[in-house]
Structures are given as C-alpha cells and as structure tokens.
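Novice: Sharing a structure here in structure tokens format.
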Amino acid sequence: FLSGIGPRQVGSKEIPGITFDANRKVIAYDIKVQTAAVIASVKRILEDAGSSLDRVIDIQVFLTNMKDDFPGYNEVYNAAFKDIRPTRTTVEVGALPTPIAVEFKVIARP
11 FLSGIGPRQV
21 GSKEIPGITF
31 DANRKVIAYD
41 IKVQTAAVIA
51 SVKRILEDAG
61 SSLDRVIDIQ
71 VFLTNMKDDF
81 PGYNEVYNAA
91 FKDIRPTRTT
101 VEVGALPTPI
111 AVEFKVIARP
C-alpha cells in the first residue's frame with residue numbers, strides 16, 4: 011500500500027515539470043512530466059519492496075485540475091499501465107501538498 015506519492019524527486023526538493031518565477035511561485039506545469047515522475051516513483055518503491063507495477067491492483071489518482079489535466083495524465087497513465095489495467099479512480103481535489111498537480115495512492119500485491 012502506497013499513499014501520497016507525488017512527482018517530487020527522491021532525496022531532493024525538485025519537482026519535475028514545474029516552472030517557477032523568481033519568487034518560487036508556480037507559473038506553469040506539465041502534467042505529463044509530473045505523471046511520469048509519479049509512476050517512476052511508484053515503480054521504484056514497489057520494486058524496492060519486492061513487488062512491481064504489474065502487481066498493482068488498485069490506484070486512486072488525485073488531480074488539481076481535472077478539466078485541463080486529465081487528457082495528458084491519462085495518456086501517460088495508459089502508456090505505463092497498458093497491459094496491466096488495475097482498477098482506477100481519478101478525482102479532482104482543491105489542492106495538494108506543495109505545488110504538485112497529481113498524486114497517487116496505490117495498492118499492489120507483494
């Protein structure tokens with residue numbers, strides 16, 4: 011069981027796919043890059059625990075902008091899980107911790 015997996019790079023404060031202004035305010039983000047980073051983190055965590063993406067059975071996804079971000083997120087998600095097809099729920103939320111646009115909660119078999 012994994013919860014709160016966002017796109018932040020492990021061991022760093024860097025968040026792939028985000029452009030900040032001089033005051034560290036988000037001025038743009040790329041949902042495809044953020045989604046790919048989340049999936050890469052999920053894969054690494056599962057493999058470190060002796061599991062893998064193909065053992066995922068359920069995913070809950072939280073997006074901060076469903077209307078604009080769903081198509082790009084869904085494209086990256088479908089490419090990563092094209093042969094697996096776990097159950098999935100995707101919901102829009104008002105905000106996520108730190109300036110991220112996507113977060114996963116994952117259940118996988120050991």
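Remember, this note's numbering sits 10 above the position in the sequence shown when you count from 1. Ideal Cβ positions, reconstructed from N, Cα and C, are used throughout, including at glycine.
(1) By Cβ distance, which residues of its chain are closer than 8 angstroms to ALA105, with the 5 residues on each side in sequence left out?
(2) If we count Cβ pairs, one from each stretch, closer than 8 angstroms, do we get three or more for the segment 57-65 versus the segment 75-86?
(3) Does the Cβ of THR108 have 16 or more other Cβ atoms within 10 Å, making it buried, or fewer, making it exposed?
(4) Closest Cβ-Cβ distance between GLU102 and chain D: below 8 angstroms?
(5) Considering only the alpha carbon of each residue, which of ALA38, VAL48, GLY82 lies closest to GLN70?
(6) So THR45 and VAL112 are supposed to be a Cβ contact under 8 angstroms. How far apart are they, rounded?
Specialist: In short:
(1) THR74
(2) no
(3) exposed
(4) Protein chains in the displayed structure number just one, and chain D is not present.
(5) VAL48
(6) 5 angstroms
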